[in-house]
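I have placed the structure first, in the form of structure tokens, so that the comments after it can refer back to it.
There are 2 protein chains.
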Amino acid sequence: METFKDALGKHILAEFYECDSHLLNDALFLEKLFNQAARVAGATILGSHFHAFSPVGASGVVIIMESHFSIHTWPEYGYAAVDFFTCSPLMHYQKAYEYIAKKLHSQNHTFTTQNRGTALPQFQKK
Amino acid sequence: METFKDALGKHILAEFYECDSHLLNDALFLEKLFNQAARVAGATILGSHFHAFSPVGASGVVIIMESHFSIHTWPEYGYAAVDFFTCSPLMHYQKAYEYIAKKLHSQNHTFTTQNRGTALPQFQKK
Numbered sequence: 001m002e003t004f005k006d007a008l009g010k011h012i013l014a015e016f017y018e019c020d021s022h023l024l025n026d027a028l029f030l031e032k033l034f035n036q037a038a039r040v041a042g043a044t045i046l047g048s049h050f051h052a053f054s055p056v057g058a059s060g061v062v063i064i065m066e067s068h069f070s071i072h073t074w075p076e077y078g079y080a081a082v083d084f085f086t087c088s089p090l091m092h093y094q095k096a097y098e099y100i101a102k103k104l105h106s107q108n109h110t111f112t113t114q115n116r117g118t119a120l121p122q123f124q125k126k
Numbered sequence: 127m128e129t130f131k132d133a134l135g136k137h138i139l140a141e142f143y144e145c146d147s148h149l150l151n152d153a154l155f156l157e158k159l160f161n162q163a164a165r166v167a168g169a170t171i172l173g174s175h176f177h178a179f180s181p182v183g184a185s186g187v188v189i190i191m192e193s194h195f196s197i198h199t200w201p202e203y204g205y206a207a208v209d210f211f212t213c214s215p216l217m218h219y220q221k222a223y224e225y226i227a228k229k230l231h232s233q234n235h236t237f238t239t240q241n242r243g244t245a246l247p248q249f250q251k252k
């Protein structure tokens with residue numbers, strides 16, 4: 001498998017604000033959405049696990065060969081916290097990010113990227 | 127449920143270096159370890175999903191009422207990338223972090239904490 005040159009993995013933390021609250025409260029919809037987002041990114045899906053909470057909210061994870069996608073929602077605030085962890089530069093997380101933003105009708109969204117495993121000797125500058 | 131005052135969730139990204147490589151390659155061990163770590167943190171477990179990779183490595187997630195714990199391992203480098211996402215100040219992620227470090231025999235480990243959902247109006251300074 002192809003690897004990153006500067007880290008073992010990239011961990012993308014994405015914030016989706018001003019989403020459609022009904023969608024954020026629909027765990028079945030979110031499970032389909034995240035499986036489809038993983039396909040859009042070119043990831044290989046190994047399994048997924050979603051839960052609906054009472055009175056509102058949902059959590060879920062898709063485990064992929066390249067690592068994972070997760071979501072936790074607060075429908076009462078129109079907000080979803082998402083992360084994508086990938087160990088493969090061939091996984092297009094930006095496509096998944098844009099796909100999710102569109103499907104949740106998010107009017108305001110952003111992400112940051114954290115490099116993981118960077119203290120290993122192979123990533124230290126000589 | 128009690129909530130944080132400055133964010134909807136706390137996302138802890140933990141790096142475990144110089145671990146026992148045999149343990150990092152044992153998905154069954156890791157699944158038991160992470161379920162136990164969730165209990166140590168006082169979290170409520172909803173389910174877990176772990177996979178062993180070929181030739182080496184493992185990935186897994188424990189979904190908890192408070193959000194999730196995940197791990198991705200690189201036994202060949204003695205490294206594990208872990209994250210804890212929690213929406214509850216009552217979940218003791220530091221205890222889980224220390225428990226995992228000890229059980230993986232990690233000689234070098236660190237974590238950072240990211241606040242999530244902080245652009246919501248209730249977290250803006252007046």
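Those sequence lines, one after another, are chains A and W. Position 97 of the first sequence, counting from 1, maps to 97 under our numbering, and the rest follow consecutively. Residues are numbered in our numbering as their position in the second sequence, beginning at 1, plus a constant of 126. Even for Gly, the Cβ is constructed at its ideal location relative to N, Cα and C. Keep in mind it's a predicted model, so treat the numbers as computed, not measured.
Would residue i be called buried (16 or more neighbouring beta carbons within 10 Å of its own) or exposed?
i	result
A:Leu30	buried
A:Gly78	buried
W:Asp132	exposed
A:Gln128	Any answer about residue 128 of chain A is impossible in this case: the structure gives chain A only from 1 up to 126.
W:Ser174	buried
W:Leu230	buried
A:His22	exposed
A:Thr73	buried
A:Leu8	buried
A:Val56	exposed
W:Asn241	exposed
W:Ser180	exposed
A:Leu90	exposed
A:Thr86	buried
Measure the C-alpha to C-alpha separation of residue i and residue j and round it to an integer number of angstroms.
i	j	result
W:Ala245	A:Pro75	15 angstroms
A:Ala43	W:Lys251	40 angstroms
A:Gly60	W:Asp146	30 angstroms
A:Ala52	W:Ile189	12 angstroms
A:Phe84	A:Glu98	13 angstroms
A:Phe50	W:Ser214	19 angstroms
W:Ala184	A:Gly117	15 angstroms
W:Ile226	W:Ile171	17 angstroms
W:Ala206	A:Phe16	28 angstroms
In this structure, does DSSP put residue i in helix, strand or coil?
i	result
A:Phe123	helix
A:Lys10	strand
A:Asn35	helix
W:Gln233	coil
W:Ala184	strand
W:His253	Lying outside 127 to 252, the shown extent of chain W, residue 253 of chain W is not represented and no answer is given.
W:Ala178	strand
A:Ala27	helix
Give the residues from the segment 111-123 of chain A that approach chain W closer than 7 angstroms (Cβ to any Cβ), ordered along the chain. Listed by position along the chain: Gln114, Arg116, Gly117, Ala119 and Leu120.
Under 8 angstroms: do the segment 215-230 of chain W and the segment 134-141 of chain W share three or more Cβ pairs, one atom per stretch? yes
Which residues, in chain order, does the segment 172-206 of chain W contribute to contact with chain A at a C-beta distance below 7 angstroms? Leu172, Gly173, His175, His177, Ser185, Val187, Ile189, Ser193, His194, Ser196, His198, Trp200, Tyr203 and Tyr205
The segment 30-46 of chain A touching the segment 106-117 of chain A, judged by at least three CB pairs closer than 8 angstroms: no
Using a Cβ distance threshold of 8 angstroms, determine whether the segment 189-209 of chain W contacts the segment 63-74 of chain A, with at least three qualifying pairs required. yes
Any residues in the segment 209-222 of chain W with a beta carbon nearer than 8 angstroms to a beta carbon of chain A? Which ones, in chain order? Asp209, Phe211 and Cys213
Mind checking the segment 7-18 of chain A against chain W and listing, in chain order, the residues whose C-beta falls within less than 9 angstroms of any C-beta there? Leu8, Gly9, His11, Leu13, Glu15 and Tyr17
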